[in-house]
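Asks: Going down the list, the protein sequences come from chains G and U. Quick note: the first sequence uses our numbering, first residue 10, plus one each step. Quick note: the second sequence uses our numbering, first residue 10, plus one each step. Below: one structure in structure tokens.
2 protein chains.
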Amino acid sequence: MQTITCTPIAFVSNTRLIPDDDYWGGIISTITLTDEFDQEAFLGLSGFSHVEILFHFHQVAAAEIILTAAIPREQADKYPRLGVFAQRKKLRPNRLGATCCEIVKIEGTVLTVRGLDAINGTPVLDIKPVLKQFLPEHITQPPWVDELMKDYWK
Amino acid sequence: MQTITCTPIAFVSNTRLIPDDDYWGGIISTITLTDEFDQEAFLGLSGFSHVEILFHFHQVAAAEIILTAAIPREQADKYPRLGVFAQRKKLRPNRLGATCCEIVKIEGTVLTVRGLDAINGTPVLDIKPVLKQFLPEHITQPPWVDELMKDYWK
Chain G
10 MQTITCTPIA FVSNTRLIPD DDYWGGIIST ITLTDEFDQE AFLGLSGFSH VEILFHFHQV
70 AAAEIILTAA IPREQADKYP RLGVFAQRKK LRPNRLGATC CEIVKIEGTV LTVRGLDAIN
130 GTPVLDIKPV LKQFLPEHIT QPPWVDELMK DYWK
Chain U
10 MQTITCTPIA FVSNTRLIPD DDYWGGIIST ITLTDEFDQE AFLGLSGFSH VEILFHFHQV
70 AAAEIILTAA IPREQADKYP RLGVFAQRKK LRPNRLGATC CEIVKIEGTV LTVRGLDAIN
130 GTPVLDIKPV LKQFLPEHIT QPPWVDELMK DYWK
């Protein structure tokens with residue numbers, strides 16, 4: 010089986026120690042590049058308002074990964090059973106997260122962002138600027154997503 | 010050094026054999042899940058219009074990876090020197106790509122999308138539904154991005 014090996018380019022530091030489902034909106038995180046990088050890696054990033062952070066759900070055990078389908082938050086009264094690739098849940102193959110965050114400040118090799126839904130100590134695999142041209146303009150989604158996301162960014 | 014091992018969950022098939030910079034908009038790609046999965050993994054995905062594809066720039070050699078800064082497309086008359094994390098170029102640490110694409114159809118374990126900027130044979134590491142609540146609302150970016158992206162999705 011083909012494997013792809015990644016190494017963390019940075020680590021997250023914040024006050025969030027447990028990956029609860031909601032209330033990520035106010036979380037301020039610092040993302041500190043590893044010693045492999047210097048401040049050149051962030052040159053020009055301050056011209057952008059947002060970054061996309063690719064990260065690893067490092068506390069998810071291999072045995073927890075879902076390969077088929079599951080009910081979001083195990084709430085069968087609210088949500089349908091959904092394939093793992095129809096959800097953004099952390100119990101997923103390769104345990105990769107991808108979230109767009111607002112840049113708060115950049116100092117040397119430390120990037121501070123608002124709204125990263127990753128806990129303290131999370132390994133970061135990539136940082137990309139958010140370009141308007143990479144955002145889809147008109148998207149549609151099932152109505153129950155609004156209920157699922159109701160308190161997520163609060 | 011900590012390493013994170015990923016395995017492809019799918020592979021891309023399309024007509025694009027060379028990763029030129031532009032003209033990705035019309036590309037139709039099929040993304041076929043590996044034998045580890047069945048159609049349950051896509052259950053409910055048809056309720057969404059877009060997916061985010063995380064993939065591996067598998068043809069980039071380790072020696073090509075940029076850790077500091079570079080001028081986009083080596084065109085110094087048009088673009089400033091930019092840190093690797095202020096660009097979405099493929100010559101980057103961990104060689105990860107992340108692109109939102111329009112869903113064309115889903116049949117069994119084969120997902121067809123429009124506008125994936127990845128060549129034929131690309132290993133896919135994750136597929137996530139695009140949720141309105143995960144898209145930033147008001148972003149800003151430097152003015153030269155419009156020039157850089159002028160023909161990208163044509």
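Built from N, CA and C at the ideal position, the CB exists for glycine as well.
Which bits of chain G does E83/U rub up against, with CB to CB less than 8 Å?
Replies: Within 8 Å Cβ-Cβ: nothing; E83/U doesn't reach chain G, min ~16 Å.
Asks: Between the alpha carbons of D86/G and D135/G, how many angstroms are there, rounded?
Replies: Approximately 37 Å, taken between the alpha carbons.
Asks: L91/U bridges to which residues according to DSSP?
Replies: DSSP lists A79/U as partners of L91/U.
Asks: Near I37/U, which residues of its chain fall below 6 Å by C-beta distance, leaving aside the five closest residues on each side in sequence?
Replies: These residues qualify, in order along the chain: R123.
Asks: Determine contact between the segment 17-33 of chain G and the segment 114-131 of chain G, defined as no fewer than three beta-carbon pairs at a distance below 8 Å.
Replies: Judged by Cβ distances under 8 Å, the segment 17-33 of chain G makes contact with the segment 114-131 of chain G, as three or more pairs qualify.
Asks: Use the C-beta contact count for P152/U: other C-beta atoms within 10 angstroms, 16 or more gives buried, fewer gives exposed.
Replies: Under this definition P152/U is an exposed residue.
Asks: Quick one: using the 10 Å Cβ neighbour count with 16 as the cut-off for buried, is Y88/U buried or exposed?
Replies: Label assigned to Y88/U: buried.
Asks: Could you give the DSSP three-state label for R1/U: helix, strand or coil?
Replies: The requested residue 1/U does not occur in the structure, where chain U is confined to residues 10 to 163.
Asks: Grab me the residues of P17/G's own chain with a C-beta within less than 8 Å of its C-beta, minus the 5 sequence neighbours each way, in chain order.
Replies: If we look at P17/G and ignore the five residues flanking it on each side, its Cβ neighbours are T43, H65, P132, V133 and L134.
Asks: Buried or exposed, going by whether 16 or more other CB atoms sit within 10 Å of the CB of I62/U?
Replies: With 16 or more other Cβ atoms within 10 Å, it is buried.
Asks: Spatial neighbours of I75/G within its chain, please: CB distance less than 7 Å, with the 5 preceding and 5 following residues excluded, ordered by chain position.
Replies: Only V93, L100 and R101 meet the Cβ criterion.
Asks: CB-CB under 8 Å to V60/U, same chain, minus the five flanking residues each way: which ones, in chain order?
Replies: L54, C109, C110, I112, L120, V122, I136, K137, P138 and V139.
Asks: Check the Cβ of W162/G against every Cβ in chain A and list those closer than 8 Å, keeping chain order.
Replies: Among the protein chains of the structure shown, namely G and U, there is no chain A.
Asks: Taking Cβ-Cβ distances shorter than 7 Å, what residues in chain G pair up with L52/U?
Replies: Within 7 Å Cβ-Cβ: A78, R90, L91, G92 and A95.
Asks: Going by beta carbon distance, what residues of the same chain come within less than 6 Å of T39/U, once the five residues before and after it are set aside?
Replies: Correct list, in chain order: S22, V119 and T121.
Asks: Select from the segment 38-70 of chain U all residues with a C-beta closer than 9 Å to any C-beta belonging to chain G, and list them in chain order.
Replies: Listed in sequence order: L42, T43, E45, F46, D47, Q48, E49, A50, F51, L52, G53, L54, S55, G56, F57, S58, H59, V60, E61, L63, H65 and H67.
Asks: Just how far apart, CA to CA, sit Q48/G and R97/U?
Replies: Straight-line Cα distance between these residues: approximately 17 Å.
Asks: Contact check, M158/G vs Q142/U under 8 Å by CB: the rounded distance?
Replies: The Cβ separation is near 4 Å, so the contact holds.
Asks: Using a Cβ-Cβ distance under 8 Å, would P2/G count as near chain U?
Replies: Residue 2/G is absent from the structure shown; chain G starts at 10 and stops at 163.
Asks: Is the beta carbon of R82/G less than 8 Å from the beta carbon of D30/G?
Replies: Taking 8 Å as the Cβ cut-off, R82/G and D30/G qualify as a contacting pair.
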